[in-house]
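Student: The structure follows.
Numbering (this note's numbering), first residue to last: 750 to 935.
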């Protein structure tokens, strides 16, 4: 399906990332929330692109909520596509949002994992049912990012509602770096 970058895998469960560690980190002088309760699997990014654009030094860290059905197409594409974009798989990227001219992200894992953009799916493993969600942690080019007020107040206790929803009209400016998965027993 896609290449995992093992050296960048990280678990944010309570055992691996305890409560004494920070809830907010900073990248490119901008705060983002730690994805507590999630497991992060590093995604192989295009090294030439990452190096020439210094994405790990100069780009924001953001989250893009999605569904399991869209993961493979997004990760293969290596960027978050815009609605209507033709994908490498031959399909067309579809999002049911009124604004089809922007990609929306958030510096808050809580905001990006709201169910209207990040549906809860169910799976059964060894007879036990789990609810799970998937979010992509990304590096986002700070150029032309519009920071908007959250449509859902008080979703994130660590970041201001004033700029929880970000949007950009710049193609190839949001690069997935980690697949985040959260699973809870039903």
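Just so you know, even glycine gets a beta-carbon here, dropped at the ideal spot from N, CA and C.
1. What is the rounded straight-line gap between the Cα of residue 796 and the Cα of residue 828?
2. Just the C-alpha distance for residue 804 and residue 890, rounded to the nearest angstrom, thanks.
3. Applying the criterion that 16 or more other CB atoms from any shown protein chain within 10 Å of the CB defines a buried residue, is residue 880 buried or exposed?
4. Would you report the Cα separation of residue 863 and residue 778, rounded to the nearest angstrom?
5. Can you tell me which of 851, 837, 794 and 871 puts its alpha carbon nearest to the alpha carbon of residue 746?
6. Can you tell me whether residue 931 is buried or exposed, with buried defined as 16 or more other CB within 10 angstroms of its CB?
7. By the DSSP assignment, the alpha helix (DSSP H) with residue 801 in it spans what residues?
Tutor: By the coordinates alone:
1. 13 Å
2. 7 Å
3. exposed
4. 25 Å
5. This structure cannot speak to residue 746, because the chain is shown only from 750 to 935.
6. buried
7. 796 to 802
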